Each structure stands twice: as structure tokens, then as C-alpha cells.
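Everything on this sheet refers to the single structure shown next.
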Amino acid sequence: MNASNPIPTDYETFRTSIRAFLREALTPELVRAGERTTSVFSDFEAGRRWQSILHAKGWGAPEWPMEHGGTGWDIQQRYIFLEECKLANAPNPVMMGVQMLGPMLMHFGTEAQKTQFLPGIISGDDVWCQGYSEPGSGSDLASLKTTADRDGDEYVVNGTKIWTSMAHHSNWIFCLVRTDKNVKPQAGISFLLIDMATPGITVAPFPSLDGEVEQCQVFFENVRVPAINLLGEENQGWTVAKYLLEFERGGQHFTIELKKQLGKLQGALANPNSRAVDDPTYAYRVAETEIDVMALEQTELRIKGSLSAGDNPGALSSLVKVSGTELGQRCAELLIEAAGQSAMPWQSEVLAPDYTGDTAAPAESVTTMAEYINSRATTIYGGTAEIQRGIIAKHVLGL
Numbered sequence: 004m005n006a007s008n009p010i011p012t013d014y015e016t017f018r019t020s021i022r023a024f025l026r027e028a029l030t031p032e033l034v035r036a037g038e039r040t041t042s043v044f045s046d047f048e049a050g051r052r053w054q055s056i057l058h059a060k061g062w063g064a065p066e067w068p069m070e071h072g073g074t075g076w077d078i079q080q081r082y083i084f085l086e087e088c089k090l091a092n093a094p095n096p097v098m099m100g101v102q103m104l105g106p107m108l109m110h111f112g113t114e115a116q117k118t119q120f121l122p123g124i125i126s127g128d129d130v131w132c133q134g135y136s137e138p139g140s141g142s143d144l145a146s147l148k149t150t151a152d153r154d155g156d157e158y159v160v161n162g163t164k165i166w167t168s169m170a171h172h173s174n175w176i177f178c179l180v181r182t183d184k185n186v187k188p189q190a191g192i193s194f195l196l197i198d199m200a201t202p203g204i205t206v207a208p209f210p211s212l213d214g215e216v217e218q219c220q221v222f223f224e225n226v227r228v229p230a231i232n233l234l235g236e237e238n239q240g241w242t243v244a245k246y247l248l249e250f251e252r253g254g255q256h257f258t259i260e261l262k263k264q265l266g267k268l269q270g271a272l273a274n275p276n277s278r279a280v281d282d283p284t285y286a287y288r289v290a291e292t293e294i295d296v297m298a299l300e301q302t303e304l305r306i307k308g309s310l311s312a313g314d315n316p317g318a319l320s321s322l323v324k325v326s327g328t329e330l331g332q333r334c335a336e337l338l339i340e341a342a343g344q345s346a347m348p349w350q351s352e353v354l355a356p357d358y359t360g361d362t363a364a365p366a367e368s369v370t371t372m373a374e375y376i377n378s379r380a381t382t383i384y385g386g387t388a389e390i391q392r393g394i395i396a397k398h399v400l401g402l
């Protein structure tokens with residue numbers, strides 16, 4: 004805000020109250036979990052604990068409508084809350100249910116589905132994962148092959164999903180399945196809600212390059228799912244999926260994390276032990292990145308305003324996804340460059356919130372390499388940057 008348009012006093016009071024709550028509610032272990040977060044996922048138990056604390060305060064889902072447990076905050080208050088949580092190093096709460104499935108249930112779900120699932124999502128008691136991608140069906144999601152054949156009051160599901168984040172911690176999965184093979188691909192897909200305890204489901208976790216285990220492959224073998232767990236109409240799952248992807252891509256707050264990364268870059272410029280100190284070219288690249296982050300923030304706020312008005316973000320979510328992830332990669336590269344050899348020591352145990360021992364690398368470089376490695380995936384998951392540019396070209400530029 005500039006001097007001609009200052010933040011109202013009540014927003015400053017709101018920010019002060021959020022800071023006071025965070026000082027009281029965040030334990031040292033929760034703060035360490037936030038500090039040592041190297042991807043969109045914090046330590047699972049820490050994130051779940053933080054979600055429980057927020058829910059007890061009535062803040063478990065700030066962007067949900069009040070009738071479903073939301074806060075009633077306006078867009079500026081929600082942004083302030085998320086920004087202060089990030090600055091205070093709060094861990095990221097378990098987000099798949101709150102950020103993605105919750106809005107879908109409110110829009111497409113029956114009253115019975117809302118009553119059954121929304122309370123567990125906002126409390127953190129139920130942990131959801133997303134069953135979209137398959138081997139051979141990632142960016143071309145409509146080619147998915149996992150089937151769901153109707154058998155009386157149930158669907159019988161067979162197939163596999165991959166890159167299923169946090170499936171090994173989840174007790175529910177929302178899943179795209181093929182219910183009609185005789186129509187064009189998008190027209191034969193349905194959206195199912197599946198209990199992970201159902202017989203026939205196997206979860207195989209696998210480590211990422213940084214050694215963290217976040218991704219899984221999920222196998223379905225004759226898994227019987229009640230037909231009442233169909234979200235939306237049969238064979239209309241593509242409509243639900245597109246709506247969800249707009250929330251996944253546009254519902255993120257890239258600039259809040261990016262501004263935290265910019266703070267690290269500014270610290271590198273002032274650190275006498277950094278390779279970046281007194282390097283005018285490096286300072287120029289940091290300033291250029293800061294300008295780009297400011298521009299992205301304005302677009303994100305436009306999307307938040309659209310969501311507040313009850314609209315979905317549309318193709319703007321693709322623009323934010325491309326810009327936010329690529330700027331994140333740029334920040335990660337700049338931090339690696341500034342850290343130099345200090346980024347090389349690897350101590351996986353240091354990333355655990357309960358670790359309080361010595362570190363081989365300087366404190367400011369403990370997460371640098373892991374963050375860099377994780378950033379390489381951001382332009383792939385949620386729809387590749389190439390796919391997003393295609394959406395922008397078609398729906399924004401009219402090409």
C-alpha cells in the first residue's frame with residue numbers, strides 16, 4: 004500500500020492480534036518444522052498438529068464460508084493471516100482436503116456428503132490425498148485408465164495412481180476414474196471419494212531426490228466403493244476435476260513464500276560469508292526477481308478477489324502457476340549460488356522438527372539444497388508449465 008491508500012487501522016490491529024496468537028500457539032518444535040520445510044509439505048505430524056490448533060481457534064479454513072466453519076475474514080485479513088503464519092515459521096497444515104476437496108464438496112456435493120466429510124477435513128481428523136495422475140497419464144490426464152465399473156450400489160475400482168502426495172498418511176483419497184470407455188476420454192470420467200482402508204488398496208511410498216518420502220503409488224484391485232461416494236454426476240468428473248485444478252493452481256499463495264525467500268536473498272547480500280556479498284550483478288538479479296514477485300502478487304490478489312465474489316479463477320490460475328513456480332525456482336537457484344559449498348553438506352536428520360543437535364552447514368544453508376531439489380518438481384505437478392502456457396494461449400490470448 005502507498006501513502007495515498009494506507010492500510011486501515013483495523014487491519015493493523017488484526018495483524019497485531021494474529022502475531023500475538025502465533026507467539027502463544029507456536030511451540031519451538033512447530034517453529035522448527037516450519038523452518039525446515041523444504042517443499043509444500045511440512046513434517047506431517049507437525050502440520051496435522053497445527054491444523055488441530057487452528058481448528059480449535061476457529062481458523063481451520065479461513066477461506067471457507069462461515070456456514071461450513073470459515074472465519075468470515077475478508078480477502079485482506081486472510082492474506083495477512085497467511086503472511087504472518089509464514090513469517091512466524093508456522094508449519095504448513097495438511098492442505099489437500101481444506102484447499103482442494105472442501106470447495107469441491109461445497110460446489111458439487113450432496114448435503115449428506117457435506118455433512119459427512121467437511122467436519123473431518125477442517126479438523127484435520129481426516130487426511131485426504133489426490134488420485135489424479137497415473138503412469139502414462141500425467142499432463143494428458145484425460146487418458147487415465149483406472150476404471151470404476153458399476154455393480155449395483157457400488158463401483159468396483161481397478162488401476163493405479165502415481166505421484167500421490169502423502170498417500171501413506173491419508174485415510175481418504177479423491178479419485179478420477181473411468182466409468183465409460185465408449186465416449187471421448189473427457190466424457191467418460193467420474194469423481195469418487197474412496198476410503199483408503201477399503202480392501203484391495205495398496206500404497207507404495209518412494210523417496211524423492213532429497214531423501215524425503217512424500218510421493219506414493221496407489222494400487223486398486225477390485226476395490227468396492229459405495230455409489231453414494233460419487234461427487235457430482237456419473238461421467239461428469241472432468242467438470243469437477245477442472246474446477247478443482249483451478250483452485251489447486253490459483254488457490255495457492257506463491258508470493259507469500261516468495262517474499263520469505265526474498266528475505267533470505269537479502270540476507271545473503273548482507274552476509275560477509277556469502278559469495279553474493281558486494282556482487283552488483285547478483286544484487287541486480289535479486290532486485291529483478293523482487294519486481295517480478297510484486298507483479299505476481301497483484302495478479303494473485305485479483306484472483307483472491309474473484310474467489311471472494313464467488314467466482315473461480317479461470318485461466319488466470321494457470322498464469323499464476325507458471326509465474327509462481329518459475330520464480331520459486333529462480334529464488335532457489337540464487338540461494339544455491341550465494342551459499343556455494345555451504346549448501347553441499349547433507350544431513351537428512353536435521354530436517355526433523357525434534358532435531359536440536361549440530362549441523363554440518365551454517366544454519367541459513369541447512370535447507371538450501373533440499374529446497375532447490377524440490378523446486379524442480381514445481382513446474383511439473385499440478386499441470387506442467389507447458390500445459391499451463393497452452394491454457395493461457397487459448398483462453399487468455401485467444402490463440
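Okay, so the sequence shown: first residue is 4 according to the working numbering, each after it adds one.
C-beta: ideal position from N, C-alpha, C; glycine also.
The model shown is predicted, which means the values in this text are computed figures rather than measured ones.
Cutting at 7 Å between CB atoms, please list the residues of its own chain near residue i, excluding the five before and the five after it.
{"i": "A6", "result": "Note on A6: pLDDT 42, under 50, position unreliable in the model; no value is reported."}
{"i": "G123", "result": "D129"}
{"i": "A318", "result": "I394, I395, H398 and V399"}
{"i": "G253", "result": "Residue placement at G253 cannot be trusted, given a pLDDT of 47 that sits under 50; what the coordinates show is reported in the next sentence. Correct list, in chain order: I306, P316, L319, S320 and V323."}
{"i": "H110", "result": "Y246"}
{"i": "H58", "result": "I125, S126 and G127"}
{"i": "S351", "result": "G214"}
{"i": "S173", "result": "V130, W131, C132 and M199"}
If you follow the alpha helix (DSSP H) that residue i is part of, which residue opens it and which one closes it?
{"i": "E114", "result": "E114 to S126"}
{"i": "S326", "result": "L319 to A342"}
{"i": "R392", "result": "A388 to H398"}
{"i": "N174", "result": "It is not in any alpha helix (DSSP H) - N174 carries neither H nor E in the DSSP assignment."}
{"i": "T41", "result": "No alpha helix (DSSP H) holds T41; DSSP gives it neither H nor E."}
{"i": "L195", "result": "No alpha helix (DSSP H) holds L195; the beta strand (DSSP E) holding it covers I192 to D198."}
{"i": "T258", "result": "F257 to A273"}
Between the options, which lies nearest to residue i when the distance is taken from Cα to Cα?
{"i": "T370", "options": "D143, N276, E329 and Q264", "result": "Q264"}
{"i": "N170", "options": "V160, V221, S146 and I125", "result": "Before going further, note that residue 170 is Ala rather than Asn in the sequence given. It is V221."}
{"i": "Y82", "options": "A271, L33, Q301 and P94", "result": "Q301"}
{"i": "L144", "options": "Y384, L402 and R392", "result": "Y384"}
{"i": "D154", "options": "A286, N225 and V325", "result": "N225"}
{"i": "Y358", "options": "L299, P31, F17 and T205", "result": "P31"}
{"i": "D13", "options": "Q79, T381 and G141", "result": "Q79"}
{"i": "H256", "options": "G270, C219 and E303", "result": "E303"}
{"i": "P415", "options": "P96, G37 and A36", "result": "Outside the displayed span of the chain (4 to 402) sits residue 415, for which this structure offers no information."}
{"i": "R288", "options": "S277, V325, E336 and N274", "result": "E336"}
{"i": "S277", "options": "I339, T41 and W131", "result": "I339"}
{"i": "S211", "options": "I204, T205 and C219", "result": "C219"}
{"i": "E217", "options": "N185, L179 and A380", "result": "A380"}
{"i": "G240", "options": "V206, Q189 and K184", "result": "Q189"}
{"i": "Q391", "options": "E237, V325 and A273", "result": "V325"}
{"i": "T19", "options": "T258, E86 and G50", "result": "E86"}
Which same chain residues end up closer than 8 Å to residue i when comparing Cβ atoms and leaving out the 5 residues on each side of it in sequence?
{"i": "E137", "result": "L147, K148, T149, G162, T163, K164 and I165"}
{"i": "W62", "result": "T74 and F84"}
What residue range does the beta strand (DSSP E) around residue i cover?
{"i": "F84", "result": "It is not in any beta strand (DSSP E) - F84 instead sits in the alpha helix (DSSP H) that spans I78 to L90."}
{"i": "W53", "result": "Unbroken run through W53 is the alpha helix (DSSP H), F47 to K60; no beta strand (DSSP E)."}
{"i": "L225", "result": "Rather than Leu, the amino acid found at residue 225 in this sequence is Asn. Note, N225: beta strand (DSSP E), V216 to P229."}
{"i": "A373", "result": "No beta strand (DSSP E) contains A373, which is instead part of the alpha helix (DSSP H) from T371 to S378."}
{"i": "G105", "result": "No beta strand (DSSP E) holds G105; the alpha helix (DSSP H) holding it covers G105 to F111."}
{"i": "T150", "result": "T150 to D154"}
{"i": "G134", "result": "W131 to G134"}
When the cut-off is 8 Å and only beta carbons count, does residue i lie next to chain D?
{"i": "M372", "result": "Within the model displayed, chain D is absent; a lone protein chain is all it includes."}
Does DSSP put residue i in a helix, a strand or coil?
{"i": "P208", "result": "strand"}
{"i": "G162", "result": "strand"}
{"i": "R278", "result": "coil"}
{"i": "A290", "result": "helix"}
{"i": "L299", "result": "helix"}
{"i": "V34", "result": "helix"}
{"i": "G253", "result": "Unreliable placement is indicated for G253, whose pLDDT of 47 sits below 50; the coordinate value is still reported in the next sentence. Correct three-state label for G253: helix."}
{"i": "G308", "result": "helix"}
{"i": "V180", "result": "strand"}
{"i": "S7", "result": "Bear in mind that the predicted position of S7 carries a pLDDT of just 42, short of 50, making it unreliable; the figure below should be weighed with that in mind. Residue state, collapsed to three classes: coil."}
{"i": "L233", "result": "strand"}
{"i": "E367", "result": "helix"}
{"i": "E15", "result": "helix"}
{"i": "S351", "result": "helix"}
{"i": "E157", "result": "strand"}
Which residues in the same chain as residue i place their Cβ atom closer than 6 Å to its Cβ, once the five residues preceding and following it in sequence are excluded?
{"i": "L354", "result": "R39"}
{"i": "L247", "result": "M103 and M107"}
{"i": "S140", "result": "S146 and L147"}
Exercise. Is the number of C-beta pairs between the segment 225-237 and the segment 195-211 that are closer than 8 Å three or more?
Worked result: yes
Exercise. Touching or not, the segment 77-91 and the segment 100-110, by the rule of three or more beta carbon pairs under 8 Å?
Worked result: Contact between the segment 77-91 and the segment 100-110 is absent: fewer than 3 CB-CB pairs across the two stretches fall below 8 Å.
For this session: State whether the segment 38-47 contacts the segment 109-124, with contact taken as three or more CB pairs (one from each stretch) at a distance under 8 Å.
Result: No, they do not touch.
Exercise. Should the segment 324-335 be regarded as contacting the segment 294-306, the criterion being three or more beta carbon pairs within less than 8 Å?
Worked result: yes
For this session: Examine the Cβ distances between the segment 21-29 and the segment 338-353 and report whether three or more of them are shorter than 8 Å.
Result: no
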